[in-house]
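Remarks on the structure that follows.
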Amino acid sequence: MNKGFLLQAFKITLPVFFGYLAIGIPFGLMLVNAGYSWWLAPIMSVLMYAGAGQYMAVALFSASSSLSVIAVTMLLLNIRHIVYGLSLISPFKETGKWKPYLIFALTDETYALMTSCPLQKGISAGTFYGSIALLNHSYWILGSIIGAVAGTLIPFSFEGVDFALTSLFAVLLIDQIKKSKDFIPPIIGVIVTFLAILFVPSDYILLTALAIGVVTLTLIKYPSRKENTSWN
Numbered sequence: 115m116n117k118g119f120l121l122q123a124f125k126i127t128l129p130v131f132f133g134y135l136a137i138g139i140p141f142g143l144m145l146v147n148a149g150y151s152w153w154l155a156p157i158m159s160v161l162m163y164a165g166a167g168q169y170m171a172v173a174l175f176s177a178s179s180s181l182s183v184i185a186v187t188m189l190l191l192n193i194r195h196i197v198y199g200l201s202l203i204s205p206f207k208e209t210g211k212w213k214p215y216l217i218f219a220l221t222d223e224t225y226a227l228m229t230s231c232p233l234q235k236g237i238s239a240g241t242f243y244g245s246i247a248l249l250n251h252s253y254w255i256l257g258s259i260i261g262a263v264a265g266t267l268i269p270f271s272f273e274g275v276d277f278a279l280t281s282l283f284a285v286l287l288i289d290q291i292k293k294s295k296d297f298i299p300p301i302i303g304v305i306v307t308f309l310a311i312l313f314v315p316s317d318y319i320l321l322t323a324l325a326i327g328v329v330t331l332t333l334i335k336y337p338s339r340k341e342n343t344s345w346n
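Whatever position you read off the sequence shown (first residue = 1), add 114 for this note's numbering.
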């Protein structure tokens, strides 16, 4: 790989570097605080690499949730990646051996960079997209390791660390509202979550809220078209 391009890729991904350190370190701290060994942080970050999903996994494991609940929750949490993948079918056609990894390493931030940065001249699509994905992945691994090791070796108050996931979603929500000017999804989220808290057992609050929220939003955004039938 051209060293000059690698430096350019680093510059492109620099905002993600700082963001992933800020979010990855609390994940490592949270994992250790939940009673797991520090080395599980890099393993999860290498093999799972799901960002918010990793936060959620720690919470679900700690709550002794069933595998079925964990699987469905993760599916609903990351269902947006279906849309990401569909929009990248054409750009990924010429990525060659990078393609399997690019599909695995497709995060919100990586998707944003791939769709906003033009392909560099003289660089293959695989090298361009692969460099961005690989650098972002390494940032997340680094952040999780720092957090996990720090949580193991340094006396640290974990009060408030578990709020990092909530903060992450709050930031993403605010950013999405600013871009889309659409308040319907967050309003639906608040309503279904409130109802789930009132009427659903604690182990299934998140799963129920996600499921009802996705269905409700789909029905509102994409209502079924009924053919008008005239009766004589």
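For each residue, glycine too, the CB sits at the ideal point set by N, CA and C.
For clarity, every value in this text was computed on a predicted model and none was experimentally measured.
Three-way DSSP call (helix, strand, coil) for residue i in this model
i: VAL314; result: coil
i: ASP83; result: Only positions 115 to 346 of the chain appear in this structure, which leaves residue 83 out of reach.
i: ILE217; result: helix
i: GLY138; result: helix
i: SER281; result: helix
i: PRO129; result: helix
i: GLN122; result: helix
i: THR307; result: helix
i: LYS211; result: helix
i: LEU233; result: coil
Contact set for residue i: own chain, Cβ-Cβ below 6 Å, skip 5 residues either direction
i: ALA247; result: LEU216, ALA219 and THR224
i: GLY210; result: GLY240
i: SER344; result: In this prediction, SER344 has a pLDDT of 42, which is less than 50 and means its spatial position is unreliable; what the coordinates show is noted afterwards. Result list for SER344: empty, nothing under 6 Å.
i: SER176; result: ALA148
Start-to-end residues for the alpha helix (DSSP H) that takes in residue i
i: SER245; result: 239-267
i: ILE334; result: 319-335
i: TYR198; result: 194-201
i: PHE175; result: 166-176
i: PRO156; result: 154-161
i: SER69; result: A question about residue 69 goes unanswered here, because the residues of the chain that appear run from 115 up to 346.
i: SER398; result: Outside the shown range of the chain (115 to 346) lies residue 398, about which nothing can therefore be said.
Beta-carbon separation (whole angstroms), residue i vs residue j, contact threshold 8 Å
i: TYR169; j: TYR253; result: At roughly 16 Å, the Cβ-Cβ gap does not stay under 8 Å, so TYR169 and TYR253 are not in contact.
i: THR187; j: LEU320; result: 6 Å
i: VAL172; j: LEU145; result: 5 Å
Beta-carbon contacts of residue i that lie in its chain and below 7 Å, excluding the five residues immediately before and after
i: ILE255; result: PRO156, SER159 and VAL160
i: TYR198; result: LEU220 and TYR225
i: ALA164; result: ASN192
i: ALA323; result: VAL306, THR307 and ALA310
Close-in-space but distant-in-sequence residues of the same chain around residue i (CB under 8 Å, 5 per side omitted)
i: SER182; result: none
i: LEU331; result: ILE298, PRO299 and ILE302
i: ALA264; result: ILE139, GLY142, LEU143 and PHE270
i: LEU227; result: ILE126, THR127, VAL130, ILE246 and ASN250
i: ALA136; result: GLY257
i: HIS195; result: LEU220
i: ILE260; result: LEU135, GLY138, ILE139 and GLY142
i: TYR243; result: PRO205, PHE206, THR209, TRP212, LEU216 and MET228
i: TRP153; result: ALA262
Should the stretch 327-337 be called in touch with the stretch 293-309, which here means at least 3 C-beta pairs below 8 Å? Cβ pair count under 8 Å is three or more, so yes.
>> If contact is defined by three or more beta carbon pairs under 8 Å, each pair taking one atom from either stretch, is the stretch 221-239 in contact with the stretch 196-206?
In response: Enough Cβ pairs lie closer than 8 Å, so yes.
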